[in-house]
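Participant: Those sequence lines, one after another, are chains A and B. When you line the first sequence up against the numbering used here, it's residues 183 to 693, in that order. When you line the second sequence up against the numbering used here, it's residues 38 to 399, in that order. First the structure, then my questions, so here it is.
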Amino acid sequence: MQPAVEFRNISKAFGAVQANADVSFSIAKGSIHGVIGENGAGKSTLMSILYGYYNADSGQVLVDGQAQDIRTSHEAIALGIGMVHQHFMLVENMTVLDNVMLGNEGGFKLAARRGAVEATLREICARYRLDVDPLATVHDLSVGAQQRVEILKQIYRSAEILILDEPTAVLTAQETASLFEILRLFKEQGKTIILITHKLQEIMDITDEVTVMRAGRVVGAVQTRDTSKEQLANMMVGRPIQSELPRGPYQPGAEVLKVSGLQLKDANGVALLSDIDFTLRAGEVVAIAGVSGNGQSELLEILSGMRLPSSGSVEFLGQPLPYAGRANADGLPAAFRGLGIGHVPEDRLRDGVIKDFSVMQNTVFGYQDQGDVKGRFGLFDFKKIAQRCAGLMRDFDVRPNNPDLRIGLLSGGNQQKVVIAREVAACPKLMLVGQPTRGVDIGTIESIHTQLLRLRDEGVAILLSSVELEEVRALADRIIVMSGGRITGVLPVDEFDTTRIGLLMGGLHKS
Amino acid sequence: MKKTELPRWATGFVLPILNLLSALVIAGFVIHLLGESPLESLEILVDSAIVNPEGLAYTMFYASTFIFTGLAVSIAMQAGLFNIGAEGQMYVGGLGLTLAMLAFDASLSPWLLIPAGMIGAALFGAAWAFLPGYLQAKRGSHVVVTTIMFNFIAASLMNYLILKMIPVGEQNPASRVFSSAAELPLLTSWFPVLGDTPLNICFLLAIVALVIYGLAVWRSSWGYKLRATGLNAHAAHYAGVKISRTIIVTMLVSGALAGLASVNSILGSTHYLSLNFPAGAGFIGIAIALMGRQNPVGIFLSSVLFGALIQGGFDLSLEKPNIPQETFIFIQGLIILFCGAMEHFYAPALLKLINLTGKKAA
């Protein structure tokens, strides 16, 4: 039988990053096909090409055996391709019915068609057991129900091929189970489903075939019944081991950080962090492994003072960090810096630098109120700052070596070096590092790793989070694995085992 | 190398001048339609606003007010706040000034009276900006909306209060005339060539204010945090800046500067509080902040430009009966259109030109 979708030698580059390289595989009609891989493996890029958001640099997409040049999402919809995004594309203050009709109004007057569309929706809901009231307003619906609205929208537009991007990331276990029921019904009706996920259990539960991607390439294509979670985890994260970086013996000193019972709930009461307990000692690197969006960012934000926890306590050098009695975290990061907590934020352009400031101005960012940058009348002593900046740029090899350049013009790697240099220069006792090498060119990665290990050898406690398992292995003394806002496992680096960590990252508790 | 953005001299000088010229060309065309010669009109304008020393003194007198309102709008812009309310803040600042005068002008010496008046003006202007700042910081109510509303509230409030201040037997909607102790030292006493003009020490104070503004914004950690908040509030939070406090304090400073603009208008010329005395100076401050790119030198030059347009426009309408005085407002609008809304209109072409000449040279 002809495949529903076939990718032939798809390549796509963004600047120097090869997001997809020579990707070829096909998806059988009437099957549920899983695509798994780590962050940045190229899954989303590939689906965006199929859905017409991006155009491939080379290669072909075949839909029902016909080569198609899909340039817009309208063309994809016309070919019967529907996509359910991880972040829903719904107008929250409109009804389900209006959301479905949006873009399909079929004329200037809505009233005429509304009744007919409503009847169709009710019929679809009954057929696929989608429990949704077409007249309900979207913001009154639960997350799971909103997702069903997205699916309803796609069926109404007669999608035959349905792409679901991380559909269970926001769902509870029950909602996930009912979603899978719906997907199985689809399959029985002959529709094709492409499921993008990093959760191994889901792949095993529901898919017929799996394609594993890594670093933009297809590294495996197997029948689900012939594989195991362990084999998939290995394919997903396994890669050649980097040469060892120089590091001193592991001699952890005094306890620097003690996190107990930390909880965080968002404004809607959804738990982002639950029961976080761990300790960190001087001269030790603890790395948090996990797929992004599993609570690592929130944890670092709390520890750096950018965010207040809902409950729980954190002791820093034996003293509780001053979260209590505050309405918001305004100004708290400055207090934490004063205590000796350095922070390299994971999203440096959002948090870590001001793009329009020069490199020199960015080297005092966060430390602008400290006496050593001030001269007469409490004004900045630019001579002193420039000297300090020149020293930092030399020590950390920031290129181009021009302190007056706007930092936005530097490459990601050099921006990161400036941020790390700035935080290191403040001689912190605890260093928080989010995604140390995200968006950093390969040449710079090793130099950043070397700097961090030197810091560890000098007795600084380092807590870092990374979605790159190889980075975790290269830097960590101990590894914490997080999934769904919980710690799912703690292991020393000697017991590093991609399969086991992959399973823990996939939310399989302490297996 | 192919440049992707304009060098600083181009964005700082060439673009504003191109924009200004465009505005003048269109203004000239309209003057032509009104049946007058554009070149002759320009000559009259330049002559009466710049060349003639008395005219120049008037130009500088108007500019003194505009520097303060321009600074008020600029400092808020540095923190990412668009303070449309300088007009109302200046108006209420005038109230603070007047209350100080009415209370003390019989008892205090000028050395104390004038600073007291300035403090009154600054305090009242700041107070009028406080609520918009507070609402923006704590409730997210957009400062553009609230400051516009506060302009209307200020107008009605002042209307009410000024009617209460009219001395018995007077008909003019204004307070009583202040005593001579409230008169600001005129610059003409040092430079007689300036003639009988109201140009006073406020001009020097405005220059001092420009210098302090420059130092505070670019050399102090206060200004650093202010600019960081304006450019990227997320990062500012990371750097330990108290975002809501910064917003409120910035609005207070902005309002104080707008309030201080009333000193030149009232103590420098009329010596009483009159209905609608700001006469749009607060709004011109917006144009000045945009055109001067919130830079002290830029603010000074644009303030002088707008001062010259008022002074020259006034003389022009006297000499050319076909050109109504409102033409000035029209030209002002054109300048705001070109320098504000269409600020980067010529940027792509200029960039192409620079790259082209660069290639030829290489």
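We put the CB at the ideal spot given by N, CA and C, even for glycine. Computed from a prediction, not measured in an experiment: that's the story for all the values here.
Just how far apart, CA to CA, sit ALA221/B and ILE238/B?
Facilitator: One-based indexing of the second sequence puts residue 221/B at position 184. One-based indexing of the second sequence puts residue 238/B at position 201. Looking at the sequence itself, residue 221/B is Leu, so the reference to Ala does not match. Near 7 Å, if we compare the C-alpha coordinates of ILE238/B and LEU221/B.
Participant: Are VAL205/B and TRP165/B closer than 8 Å when you measure CB to CB?
Facilitator: Here residue 205/B refers to the residue found at position 168 of the second sequence. Here residue 165/B refers to the residue found at position 128 of the second sequence. Against a cut-off of 8 Å, the Cβ pair of TRP165/B and VAL205/B comes out as no contact.
Participant: Considering Cα atoms alone, identify which of LYS335/A, SER479/A, LEU561/A and LEU382/A is closest to MET417/A.
Facilitator: Indexing the first sequence from 1 puts residue 417/A at position 235. Of the candidates LYS335/A, SER479/A, LEU561/A and LEU382/A, the one whose C-alpha sits nearest the C-alpha of MET417/A is LEU382/A.
Participant: Note the first and the last residue of the continuous beta strand (DSSP E) segment covering GLY524/A.
Facilitator: Along the first sequence, one-based indexing puts residue 524/A at 342. Counting along the chain, the beta strand (DSSP E) containing GLY524/A begins and ends at 523-526.
Participant: Got a sec: is the Cβ-Cβ distance from ARG256/B to anything in chain A below 8 Å?
Facilitator: Locating residue 256/B in the second sequence gives position 219, counting from the first residue. A Cβ of chain A is located within less than 8 Å of the beta carbon of ARG256/B.
Participant: Going along chain B in order, which residues have a C-beta closer than 7 Å to the C-beta of ILE536/A?
Facilitator: Counting from one through the first sequence, the residue named residue 536/A turns up at place 354. The contacting residues are ALA265, LEU268, ASN269 and ALA272.
Participant: Report the neighbours of SER281/B on chain A: residues whose CB is nearer than 9 Å to its CB, in chain order.
Facilitator: Locating residue 281/B in the second sequence gives position 244, where the first residue counts as 1. Per Cβ cutoff of 9 Å: ASN510 and ASP512.
Participant: Is there a Cβ of chain A sitting closer than 8 Å to that of LEU252/B, yes or no?
Facilitator: For this step, residue 252/B is matched to residue 215 along the second sequence. Answer yes: the Cβ-Cβ gap between LEU252/B and chain A drops below 8 Å somewhere.
Participant: For VAL606/A and GLN633/A, which I take to be in contact (beta-carbon distance under 8 Å), what is that distance rounded to the nearest angstrom?
Facilitator: For this step, residue 606/A is matched to residue 424 along the first sequence. For this step, residue 633/A is matched to residue 451 along the first sequence. At roughly 7 Å, the Cβ-Cβ gap stays under 8 Å, so VAL606/A and GLN633/A are in contact.
Participant: For ALA276/B, would you say it is in contact with chain A, using Cβ-to-Cβ distances shorter than 8 Å as the test?
Facilitator: The residue labelled residue 276/B in the question sits at position 239 within the second sequence. At least one beta carbon of chain A lies nearer than 8 Å to the beta carbon of ALA276/B.
Participant: Taking its Cβ as the centre, do 16 or more other Cβ atoms sit within 10 Å of TYR383/B, making it buried, or is it exposed?
Facilitator: Indexing the second sequence from 1 puts residue 383/B at position 346. Looking at its Cβ environment, which holds 16 or more other Cβ atoms inside 10 Å, TYR383/B is buried.
Participant: Whose CA, out of LEU303/A, ARG304/A, GLY285/A and ASP280/A, lies closest to the CA of ALA293/A?
Facilitator: Position 111 of the first sequence holds residue 293/A. Per the Cα distances, ASP280/A.
Participant: Taking only three categories from DSSP, how would you classify GLN248/A?
Facilitator: Numbered from 1 along the first sequence, position 66 holds the residue referred to as residue 248/A. Looking at GLN248/A - three-state DSSP - the assignment turns out to be strand.
Participant: Helix, strand or coil for GLU391/A per DSSP?
Facilitator: Here the question's residue 391/A lines up with position 209 in the first sequence. Strand at GLU391/A.
Participant: Considering only residues of the same chain and omitting the five flanking positions on each side of ASN275/A, which have a CB-CB separation below 7 Å?
Facilitator: The residue labelled residue 275/A in the question sits at position 93 within the first sequence. Counting only Cβ-Cβ distances below 7 Å, and skipping sequence neighbours, we find THR319 and HIS321.
Participant: Looking only at its own chain, which residues have a Cβ that is under 6 Å from the Cβ of CYS403/A, when we skip the five neighbours before and after it?
Facilitator: In the first sequence, the residue the question calls residue 403/A occupies position 221. Going by the sequence as given, residue 403/A is Ala instead of Cys. Closer than 6 Å at Cβ, skipping near neighbours: PHE207 and THR393.
Participant: Return the bridge partner residues of HIS215/A from the DSSP annotation.
Facilitator: The residue given as residue 215/A occupies position 33 in the first sequence. BP columns for HIS215/A point to ILE376/A and GLU391/A.
Participant: Could you give the DSSP three-state label for GLY520/A: helix, strand or coil?
Facilitator: In the first sequence, counting from the first residue as 1, residue 520/A sits at position 338. Helix.
Participant: Report yes or no: do three or more beta-carbon pairs, one from the segment 574-591 of chain A and one from the segment 531-540 of chain A, lie closer than 8 Å?
Facilitator: yes
Participant: Considering only the alpha carbon of each residue, which of ARG45/B, LEU43/B, LEU58/B and SER306/B lies closest to PHE375/B?
Facilitator: For the purposes of this step, residue 375/B is taken as residue 338 along the second sequence, with counting starting at 1. Closest by alpha carbon: LEU58/B.
Participant: Less than 6 Å between C-beta atoms, sequence neighbours within five positions excluded: which residues of the same chain meet that for ASN56/B?
Facilitator: As a first step, residue 56/B must be located in the second sequence, where it is residue number 19. Around ASN56/B, the same chain offers PHE375 and CYS376 as residues with beta carbons nearer than 6 Å, after the five sequence neighbours per side are excluded.
Participant: Which partner residues does PHE498/A have in the DSSP bridge list?
Facilitator: Counting from one through the first sequence, the residue named residue 498/A turns up at place 316. As a beta-bridge residue in DSSP terms, PHE498/A pairs with LEU439/A and GLN501/A.
Participant: Smallest Cα separation from GLN569/A: which of ASN583/A, ARG558/A and PHE290/A?
Facilitator: Within the first sequence, numbered from 1, the residue matching residue 569/A stands at position 387. Ranking the options by Cα distance to GLN569/A, first place goes to ASN583/A.
Participant: Out of THR670/A, THR680/A and GLN550/A, which one is the CA nearest neighbour of LYS262/B?
Facilitator: If you number the second sequence from 1, residue 262/B lands on position 225. For the residues THR670/A, THR680/A and GLN550/A, the minimum Cα distance to LYS262/B belongs to GLN550/A.
Participant: What does LEU561/A reach in chain B if we use C-beta pairs closer than 8 Å?
Facilitator: Position 379 of the first sequence, counted from the start, is the residue given in the question as residue 561/A. Those are LEU252, ARG256 and SER257, listed as they occur along chain B.
Participant: Would LYS175/B pass as an interface residue toward chain A - the criterion being a Cβ-Cβ separation below 8 Å?
Facilitator: Within the second sequence, numbered from 1, the residue matching residue 175/B stands at position 138. Closer than 8 Å: no.
Participant: Hey, how far is the Cα of LEU490/A from the Cα of MET613/A?
Facilitator: As a first step, residue 490/A must be located in the first sequence, where it is residue number 308. As a first step, residue 613/A must be located in the first sequence, where it is residue number 431. So the alpha carbons of these two residues sit roughly 19 Å apart.
Participant: Enumerated in chain order, which unbroken segments of the alpha helix (DSSP H) with a length of 4 residues or greater are wholly contained in the segment 106-178 of chain B?
Facilitator: 123-141 and 147-171
Participant: Name, please, each residue of chain A whose Cβ falls closer than 7 Å to the Cβ of TYR261/B.
Facilitator: The count along the second sequence starts at 1 and reaches residue 261/B at position 224. Result: GLN550.
Participant: In chain B, which residues lie with their C-beta within 8 Å of the C-beta of GLN519/A?
Facilitator: Locating residue 519/A in the first sequence gives position 337, where the first residue counts as 1. In the sequence as displayed, the identity of residue 519/A is Arg instead of Gln. GLY277, listed in chain order.
Participant: What's the call for GLN597/A, buried or exposed, on a 16-neighbour Cβ count within 10 Å?
Facilitator: On the first sequence, position 415 is the one that residue 597/A refers to. Flag for GLN597/A reads buried.
Participant: Taking a contact to mean a Cβ-Cβ separation below 8 Å, would you say GLU332/A touches THR374/A in this structure?
Facilitator: Here residue 332/A refers to the residue found at position 150 of the first sequence. Here residue 374/A refers to the residue found at position 192 of the first sequence. No; because the gap between Cβ atoms is not below 8 Å, this pair is not in contact.
Participant: Are there 16 or more other CB atoms within 10 angstroms of the CB of LYS335/A, so buried, or fewer, so exposed?
Facilitator: In the first sequence, residue 335/A corresponds to position 153, counting from 1. By the neighbour-count rule (16 or more Cβ atoms within 10 Å), LYS335/A is buried.
Participant: Evaluate contact between the segment 353-369 of chain A and the segment 321-330 of chain A, counting only Cβ atoms and requiring at least three cross-stretch pairs below 8 Å.
Facilitator: yes
Participant: Kindly list the residues whose CB is nearer than 6 Å to the CB of LEU303/A, restricted to its own chain and excluding five residues on each side of it in sequence; keep chain order.
Facilitator: Stepping through the first sequence from its first residue, residue 303/A is reached at position 121. Excluding positions up to five away in sequence, the list reads PRO316.
Participant: With distances taken from CA atoms, which of ILE372/B, LEU268/B, GLU356/B and LEU371/B is nearest ASP84/B?
Facilitator: Mapped onto the second sequence, residue 84/B falls at position 47. Ranked by Cα distance from ASP84/B, the options ILE372/B, LEU268/B, GLU356/B and LEU371/B are led by GLU356/B.
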